[in-house]
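In terms of the numbering used here, the sequence shown has 236 at position 236, counting the first letter as 1, and numbering is strictly consecutive.
Just so you know, even glycine gets a beta-carbon here, dropped at the ideal spot from N, CA and C.
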Amino acid sequence: MSKIMILFENNIKHQRLSLLLFHYFPTSPNTTKMTCSFLNSITLTSIFLVFLNSCNESSPVIYTNYKGETMGTFYNIQFEMDSDAILQSEIDSLLKIFNLSLSTYIPESTISRFNQSDSVYCYASKDTFFEKVFTKSKVIYGLSKGYFNPTIMPLVNYYGFGYEKSKKVEIPDTNYIKEVLGYMRFEEIYLKADTLSGEICIYKKHKPAQLDFSAIAKGYGVDVVAYYLESKGASNYMVEIGGEVRTKGENAKKKPWVIGINKPSDDASLQEVELLLSVSGVSVATSGNYRNFYESKGQKYAHIIDPLTGINRPSDILSTTVITTDCMSADGFATAFMAMGLDKSLELANNIEGLEACFIYDEEGDGQFEFRMTEGFKKYFLVKDNQ
């Protein structure tokens, strides 16, 4: 068993940051044990950005940085370009239009109109977002064998994690859950263009069936903003919405973007980091049950629900991080893997070309995290051998 120690130092807003990592590589090619500790902290979300400085580097390039709110969370966008070339108001307007397509919290959105319909809802073809996220969801639904299922909306509401008034489940109603499973069939929902009206129509077989793309929409929103930046000529950027990230080129220090993955623990603060990744030209999405949950009568209910059984059960994975080209896919697969469990997820991840994944779990329940990952994920670790 080899041991590598890495020390990073950085100055951020006059606070000195030192990160000490110990990496242990056991005999299993897919398992790694790690321990991380921050000697000083910085503010971060579940995924955060770090710039590594060096006294020998030239003066930094000026990057535009926009921060704001969208989709019930926050966004952070950084790109190299003249500050007046892309206005923040343009980004906000784009995201507003995006939400009018896919947000279940907006009654007039395309998805809400469909959810309220009896059997069909037709929308104007100028909504270019819905069909793309619908099509990608069909792909992930098939590859995950139903573990990623956007028709889970009724159960999301039932367990208190949806757009309906929040409530706590005391004792799961198995009869209701069984009823909902009867119409949670994504294959029975389809799109068809109406050649006469020019609209696109969404059909469903069962009136109570509803869609929820929240497990993939933030990632797609990241892609949409990234495409917009590229259309305006930006070649170096980082777009982050609610912890889902897409990168291209270099940061202001002419280095790859550095992304930190939060420690997957209920009592961990947002300042505690478990992994540092060095990325460029890829997207990163993380999913976990350690933030969005509640307890009722001694039972823990989390926002990840098994769509095959309808039961809100603990996953044997604490956190899943997926790296691939587009953030929509990364976001969707990260959610699917949480529902699938460790062994099935790793098997599927190893068979998807261009996708890498890392799973953090605690098999013994002793607070010592263990890691299993695809072979290609290791190249993104921000480490330097010091043996």
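Short of 6 angstroms in beta carbon distance, which residues of its chain neighbour residue i, apart from the five on each side in sequence? Order them along the chain.
{"i": "K248", "result": "Y237, G281"}
{"i": "Y147", "result": "A336, A339, M340"}
{"i": "K379", "result": "none"}
Along the alpha helix (DSSP H) that carries residue i, what are the first and last residues, could you check?
{"i": "A215", "result": "214-231"}
Measure the alpha-carbon distance for residue i versus residue j and round it to whole angstroms.
{"i": "V222", "j": "S103", "result": "15 angstroms"}
{"i": "T374", "j": "L196", "result": "48 angstroms"}
{"i": "I317", "j": "D92", "result": "35 angstroms"}
{"i": "S329", "j": "S214", "result": "13 angstroms"}
{"i": "I261", "j": "G288", "result": "11 angstroms"}
{"i": "N175", "j": "Y158", "result": "13 angstroms"}
{"i": "E250", "j": "Q116", "result": "45 angstroms"}
{"i": "F74", "j": "N99", "result": "14 angstroms"}
{"i": "I106", "j": "G354", "result": "35 angstroms"}
{"i": "L346", "j": "M71", "result": "30 angstroms"}
{"i": "I97", "j": "F130", "result": "11 angstroms"}
Just to confirm before moving on: does the CB-CB distance between residue i and residue j stay below 9 angstroms?
{"i": "F333", "j": "S137", "result": "no"}
{"i": "E80", "j": "A193", "result": "no"}
{"i": "D127", "j": "A217", "result": "no"}
{"i": "T309", "j": "T286", "result": "no"}
{"i": "F381", "j": "A357", "result": "no"}
{"i": "T151", "j": "Y190", "result": "no"}
{"i": "I311", "j": "V156", "result": "no"}
{"i": "E240", "j": "N65", "result": "no"}
{"i": "K397", "j": "E187", "result": "This structure cannot speak to residue 397, because the chain is shown only from 1 to 387."}
{"i": "I86", "j": "Y220", "result": "no"}
{"i": "V284", "j": "L95", "result": "no"}
When you measure from the CB of residue i to every non-hydrogen atom of the ligand MG, does any distance come out below 8 angstroms?
{"i": "I259", "result": "Annotation note on the ligand MG: not contained in the displayed structure, which lists no ligands."}
Beta strand (DSSP E) containing residue i: first to last residue?
{"i": "V239", "result": "237-241"}
{"i": "I77", "result": "73-79"}
Could you pull out every residue in the same chain whose Cβ sits closer than 7 angstroms to the Cβ of residue i, ignoring the five residues on either side in sequence?
{"i": "G142", "result": "none"}
{"i": "F114", "result": "Y121, I202, L211"}
{"i": "L342", "result": "D316, I317, F359, Y361, R372"}
In the DSSP output, what is residue i paired with across the bridge?
{"i": "G288", "result": "S319"}
{"i": "S278", "result": "V258"}
{"i": "Y121", "result": "I202"}
{"i": "A436", "result": "Only positions 1 to 387 of the chain appear in this structure, which leaves residue 436 out of reach."}
{"i": "E244", "result": "I241"}
{"i": "T70", "result": "T73"}
Between residue i and the rest of its own chain, which residues show a CB-CB distance below 8 angstroms, the 5 nearest in sequence each way excluded?
{"i": "I140", "result": "F148, I216, S329, G332, F333, A336"}
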